[in-house]
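Each residue of the sequence shown is one higher than the one before, starting from 1 at the first, in full-length UniProt numbering.
Following: one structure in structure tokens, then a few remarks.
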Amino acid sequence: MNICVLGAGYVGLTTTAVLAELGHDVICIDKDPDKINQLRQNHVPIYEPGLAELIKNNSNRITFCTDSQKGIIKSDAIIIAVGTPTDQDGKPDLTYVLSVIEELSASIFSYKTIITKSTVPPGTNEMIEQLLIKKGVKREYFDIVSNPEFLREGSAVYDMFHSDKTVIGLKKHDLRSLPIMREIYNGLEAPFIVTSLTGAELIKYANNAFLATKISFINEMSRICDAYGVDIEEISKGIGTDPRIGSQFLQAGLGYGGSCFPKDLQALYYAAVSKNVTAQILQAVQKVNETQIDLYLKKLQSVMPDLRDKKIAVLGISFKPNTDDTRYSRAVALIEKLISQGCRLSAFDPIARLPEHVLEKANQAETLEESIDQADCLILATEWEDFIHLDWKHVKEKMKGNIIVDGRNCLEPEKLKALGFQYIGVGRG
Ligand code: UDX
Ligand code: UDX
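If you want it as structure tokens, here you go:
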């Protein structure tokens, strides 16, 4: 099938590569000419394991271009994968989606299946349908499908091949789209969950909200564990064996970040409020997440009361390992708080760079050695595999102080204490 993907971000590029691998001809459009130029020269502008290889292997079936009209006219199905960031009030900003609808309305002259993959608030796809009609697109020329993604950055390619579900939201009387969606995903084993347009939008939000709830739950439990001298890892293991709970997303630490959880929880909260529903659990989940950094700072200050002029080495800048993405990264938020306390920051990450506004006030170390050299304290903020297996004896020799803050509960406290470190984690007995 000829498919057009609008947006060459994490989701758009992964979708492009996987659909090409499944045998489709894919035109991937992005308004950013620089990004498209890089992609044409076989350079993938984001770090996502396996993605560059998959794009390269399928280059005969992939076209990158900036001309959306060309892509739309040539394709049977159009996938919307532009970003939906949060505006200043925390509400979803649909500017990019609306601008894509504008482009679509000017380019539809024969039947197209329009598939929204971008995460959008409940009711958006219904609105898109009305907007297209208002802008003069003939109703018989399109159907709209809500098909949210559940990809994790860092394992997006794997996730798309091994998804647990394909959610398909359709209009009640739409008989054309389902067979088309089956053809698009032919070759993937994930079962189809067919629902209404708004149902699909809400499944996406509920999925992310539930996962974020698990994280805030275990972080709250870690606070209780601290008070009772119990190891949170044992609690996670203990409850994770119950299949009704499941073992994943029970890792206590600095909390969740990234381009999805923080914005999707806020968006779902506002969607509820706009219909006069107070989403108390969502409020609490966000509150626990926001205050998690303060908890670590308090713990650090209990052993180092005056943070002014202390050199702090922060290992990890990205919002999680295996990605260069720093959107809503807890590591970056922590660095900003430490700067406001007067610390001297030296951050190291194997891939990610400090955002511009932080770079003015903190040092981006080019090597781990530079970061830890003469540091008073080391904070592990993102659990990159390399950081977990450091030569801690050597680290101790390089540092001036002996405090280790384990922001992801991924190190072995006893081993570190034996080397002379003061270890700080959450809920670790
Ligand atoms: C995706 C989803 O679309 C978002 O809704 C979801 O919640 C998270 O994942 P992501 O792929 O991370 O977003 O977005 P981003 O990396 O910001 O990429 C979006 C791309 O769309 C950018 O390259 C941008 O240049 C492009 N774009 C944006 C267009 O091509 N046209 C536009 O009009 C707007
Ligand atoms: C998430 C969803 O998992 C994915 O299905 C959705 O489509 C997009 O949002 P992503 O944001 O890429 O994916 O990463 P994820 O692995 O879910 O982690 C999100 C954040 O939660 C990270 O900051 C991570 O460090 C944190 N996290 C995760 C924890 O703090 N504890 C855990 O147990 C798991």
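The beta carbon of each residue, even a glycine, is placed where N, CA and C say it ideally should be.
Cβ-heavy atom distance, residue i to ligand 1, below 6 angstroms
| i | result |
| --- | --- |
| V18 | no |
| G169 | no |
| K31 | yes |
| T66 | no |
| V11 | yes |
| A271 | no |
| V358 | no |
| residue 471 | Residue 471 is absent from the structure shown; the chain starts at 1 and stops at 429. |
| residue 485 | Because residue 485 is not part of the residues shown, which for the chain are 1 to 429, the question remains open. |
| G429 | no |
| V5 | no |
| A8 | yes |
Cβ-Cβ separation, residue j to residue i (assumed contact under 8 angstroms), whole Å
| i | j | result |
| --- | --- | --- |
| I339 | K311 | At roughly 12 angstroms, the Cβ-Cβ gap does not stay under 8 angstroms, so I339 and K311 are not in contact. |
| L254 | A381 | 6 angstroms |
| I215 | Y256 | 5 angstroms |
| R176 | D143 | 5 angstroms |
| S118 | T86 | Not a contact, Cβ separation roughly 13 angstroms. |
| C377 | L300 | 7 angstroms |
| Y10 | E153 | 6 angstroms |
| residue 431 | A252 | A query on residue 431 cannot be resolved here, the shown segment of the chain reaching from 1 to 429 and no further. |
| L297 | L282 | About 25 angstroms separates the two Cβ atoms, so there is no contact after all. |
| K337 | G258 | Actually they are not in contact, since the Cβ atoms of K337 and G258 sit about 19 angstroms apart, beyond 8 angstroms. |
| I27 | G71 | 4 angstroms |
| F348 | T367 | 7 angstroms |
| N402 | F421 | 5 angstroms |
| D164 | K112 | 28 angstroms between Cβ atoms; not a contact. |
| T124 | E201 | 6 angstroms |
| F261 | N207 | In fact, because the Cβ distance is near 11 angstroms, the residues do not count as touching under 8 angstroms. |
| T326 | A352 | 5 angstroms |
| I168 | I193 | 7 angstroms |
| residue 430 | Y328 | With the chain running from 1 to 429 in the structure shown, residue 430 is simply not present. |
| residue 460 | I235 | This structure gives no information on residue 460, because the portion of the chain shown stretches from 1 to 429. |
Residue i at chain C interface by Cβ criterion, 7 angstroms
| i | result |
| --- | --- |
| S274 | Although the question refers to chain C, the structure presented lacks it and comprises just one protein chain. |
Distance CB(residue i)-CB(residue j) smaller than 7 angstroms
| i | j | result |
| --- | --- | --- |
| I36 | T66 | yes |
| G151 | M160 | Per the sequence shown, residue 151 should be read as Leu rather than Gly. Contact: yes. |
| K398 | I372 | yes |
| Y141 | T166 | no |
| D294 | G427 | no |
| F64 | L104 | no |
| V82 | L6 | yes |
| E383 | C343 | no |
| L416 | I404 | yes |
| I101 | N147 | no |
| T198 | P92 | no |
| L359 | I317 | no |
| E21 | N58 | yes |
| N219 | V288 | yes |
| I62 | C4 | no |
Beta-ladder partner(s) of residue i, from DSSP
| i | result |
| --- | --- |
| Y423 | I404 |
| T16 | Per DSSP, none; premise fails for T16. |
| residue 430 | Any property of residue 430 remains undetermined from this structure, which presents the chain solely from 1 to 429. |
| T66 | T66 pairs with nothing; no bridge assigned. |
| N409 | None, per the DSSP bridge assignment. |
| D25 | N2 |
| S146 | T116, G169 |
| A77 | I3, T113 |
| R428 | D231 |
| Q364 | A347 |
| T86 | P92 |
Any non-hydrogen atom of ligand 2 closer than 6 angstroms to residue i Cβ
| i | result |
| --- | --- |
| L265 | no |
| Y96 | no |
| residue 497 | Coverage of the chain is limited to positions 1 through 429, which leaves residue 497 absent and any answer about it impossible. |
| F249 | yes |
| Y296 | no |
| Y158 | no |
| C377 | no |
| F217 | no |
| G83 | no |
| F319 | yes |
| Y256 | yes |
| C225 | no |
| G253 | yes |
Which complete beta strand (DSSP E) runs does the region 89–144 hold, if anything under 3 residues is left out? 112–116
Ranges of the alpha helix (DSSP H) found wholly within the region 175–241, counting only runs of at least 4: 177–184, 197–228, 232–240
Scan the region 261–325 and note each continuous alpha helix (DSSP H) run of 4 residues or more that stays entirely inside, going in chain order. 261–273, 280–303
Restricting to runs no shorter than 3 residues, where is the beta strand (DSSP E) found entirely within the region 29–75? 62–65
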